[in-house]
Structures are given as C-alpha cells and as structure tokens.
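Every position in the sequence shown, counted from 1, becomes a number in our numbering once 232 is added.
Worksheet for the structure shown next.
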Amino acid sequence: HGQDISFKYLYSFEPAMITDPPEMGGIEINYPEAARKNGAEGTVNATFTLGEDGRVRDVVIVNDLPHGVGDAVRAGLQKLYFKPARFQGKPAAMKAKLEYKVTVLFEDTDKNVSKPKITNKPEPVYPEKYRAEKVKGKVVVSVMFMANGELHVGNASSNMPREFDKAAIEAAKAIKFTPAIHKKSKQPVSQQVFVEYDFKP
C-alpha cells in the first residue's frame with residue numbers, strides 16, 4: 233500500500249475574447265483503488281471546455297495513467313463546478329487544460345516494492361571538534377528516493393551532538409541510486425528509506 237499519496241492539480245486557460253475570467257471550484261477525483269494498489273503515479277493531462285451554460289464538455293485525456301486514473305479525472309471534470317467566463321456581461325465558453333499530478337510514496341517495509349538500489353553512498357565527514365573525545369554512534373536519516381531519480385533528504389535522528397546529524401544529512405544528499413520498482417507493475421516508484429550512518433573517530 234502507499235504510505236502517502238499526494239495530489240496536485242493546475243488549471244490553465246487558452247486565450248479567448250472575454251472580459252471576466254471563469255470562477256473555478258476545486259476538482260474532486262475519486263482515485264481508483266486499483267491505481268493505489270499498483271502504485272500508479274505521474275501526470276494526467278486533459279483538455280476541456282468550460283461551457284457558457286455552466287457545464288464542462290469536450291473532455292479529452294491527452295496523457296493518461298493506468299488503472300483507471302484518466303477515467304476518474306474525466307468523471308471529476310464532468311462534475312466540476314464553475315461560473316462561466318463572461319464577455320461584455322454575457323456568459324462565454326472557454327477552453328481549458330488540467331494537469332493532475334499523482335505522487336505515491338511507499339513505506340520502507342512495503343513488500344510489494346523492491347527497495348531502491350544505492351549505487352554510491354559517500355561517507356559522512358566526522359566533526360573534528362569531537363575527534364579528541366572519540367565520540368561514536370549512529371545517525372539515521374530519512375531519505376525519499378523518488379521515482380524520477382530525484383532525492384529528497386529529510387530529518388536525521390540520533391542521540392549524538394547535532395553536528396553529526398548535519399554531517400549525515402550532507403552525506404545523504406550525495407547518494408546516487410536507481411529507483412525502487414513496484415513488483416507487480418514493474419514501474420519505478422517513490423519510496424522512503426531510513427539510511428544509517430556509523431560514526432567512528
């Protein structure tokens with residue numbers, strides 16, 4: 233299952249002869265359970281017309297995602313509430329576009345996903361001010377290995393001085409990897425992994 237799924241959408245409008253822009257409501261999309269189970273993520277692009285009668289028409293899914301996501305976006309658009317654009321006081325039709333982005337983040341322990349393969353994990357720099365004291369211990373860093381190859385480094389956790397946490401975070405930012413793979417869909421997915429660093433003087 234997905235530990236967390238985030239949805240972002242953006243409307244854009246084609247140039248038109250209007251004097252007042254449309255007033256848009258939020259879109260409600262019933263994300264399919266099959267898409268959730270299979271880790272479907274990416275972007276659905278759709279074009280549509282905001283009719284002068286207050287209804288959406290001519291919905292076209294330009295870029296789709298599997299497991300019914302595009303159909304869910306179409307259904308959401310067809311129920312979209314808006315006030316039509318106006319030209320000199322009269323309602324006017326207007327063409328628009330929707331970009332609907334889905335990001336799924338899987339848990340470190342999810343057995344449906346093969347973990348990302350770390351190809352290069354640079355060692356952290358040991359804080360010199362603690363070398364004489366021979367401080368040693370472990371720091372765990374929360375790292376999001378994204379499906380698109382990006383790396384998002386989160387917080388560090390340890391019982392050590394904060395300089396060690398900072399050193400571990402900086403080291404994590406330099407990690408190289410190949411993304412996790414969803415075992416069923418065979419597609420790259422995003423996964424949160426806790427990366428451990430062992431500090432010794």
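Virtual Cβ for every residue (Gly too), placed ideally from N, Cα, C.
Residue i (DSSP reduced to helix, strand or coil)
i, result
"G386", "strand"
"A400", "helix"
"E360", "helix"
"G234", "With a pLDDT of only 48 at G234, under the threshold of 50, the placement of this residue in the model should not be trusted; the figure read from the coordinates follows. G234: strand per DSSP, three-state reduction."
"A272", "coil"
"R287", "coil"
"Q310", "helix"
"E339", "coil"
Minimum C-alpha distance to residue i - residue among the options
i, options, result
"K343", "F245, I413, M392 and I237", "I413"
"P420", "G302, Y332, K405 and N270", "N270"
"K240", "Y332, V372, K405 and F409", "Y332"
"V288", "A278, H299 and V294", "A278"
"I250", "S374, K327, A364 and K432", "K327"
"K361", "V294, F280 and P433", "P433"
"P298", "G286, T281 and T275", "T275"
"S244", "K329, G381, V291 and R363", "K329"
Alpha-carbon spacing of residue i relative to residue j, whole angstroms
i, j, result
"I407", "T351", "8 Å"
"G386", "K366", "27 Å"
"N391", "A399", "14 Å"
"E284", "A304", "24 Å"
"F314", "F409", "44 Å"
"K349", "E402", "19 Å"
"G369", "M378", "28 Å"
"I237", "M256", "24 Å"
"A265", "S417", "Ala is not the amino acid found at residue 265; the sequence shown has Glu there. Whole-angstrom Cα-Cα distance: 14 Å."
"A364", "G381", "39 Å"
"A267", "K405", "31 Å"
"N295", "G302", "8 Å"
"L242", "P393", "43 Å"
"L312", "F431", "55 Å"
"F319", "V292", "25 Å"
"T281", "D290", "6 Å"
"G300", "A248", "32 Å"
Residues near residue i by beta carbon distance below 6 Å, same chain, minus five either side
i, result
"M376", "H384 and Q424"
"E273", "V334, T335 and V336"
"H233", "Note that H233 scores a pLDDT of 47, beneath 50, so its modelled location is shaky; the value from the coordinates is reported in the next line. Excluding sequence neighbours, H233 sits near nothing in its chain."
"V371", "A388, S390, F396, D397, A400 and Y429"
Nonlocal neighbours in the same chain, by C-beta distance under 7 Å from residue i, ignoring five residues either side
i, result
"K347", "A412, Q423 and V425"
"F359", "Looking at the sequence provided, one finds Pro at residue 359 rather than Phe. If we look at P359 and ignore the five residues flanking it on each side, its Cβ neighbours are E395, F396 and A399."
"K415", "N344, V345 and S346"
"A253", "The question names Ala, yet the displayed sequence has Pro at residue 253. These residues qualify, in order along the chain: A317."
"S374", "G386, N387, Q424 and F426"
Residue i at chain C interface by Cβ criterion, 8 Å
i, result
"Y241", "Structure shown: chain C not included; a single protein chain is present."
Same chain, Cβ closer than 8 Å to residue i, neighbours up to 5 away in sequence not counted
i, result
"T341", "none"
Three or more C-beta pairs below 8 Å linking the stretch 308-326 and the stretch 348-355: no
Touch test, the stretch 303-317 against the stretch 259-269, Cβ-Cβ under 8 Å, three pairs minimum: yes
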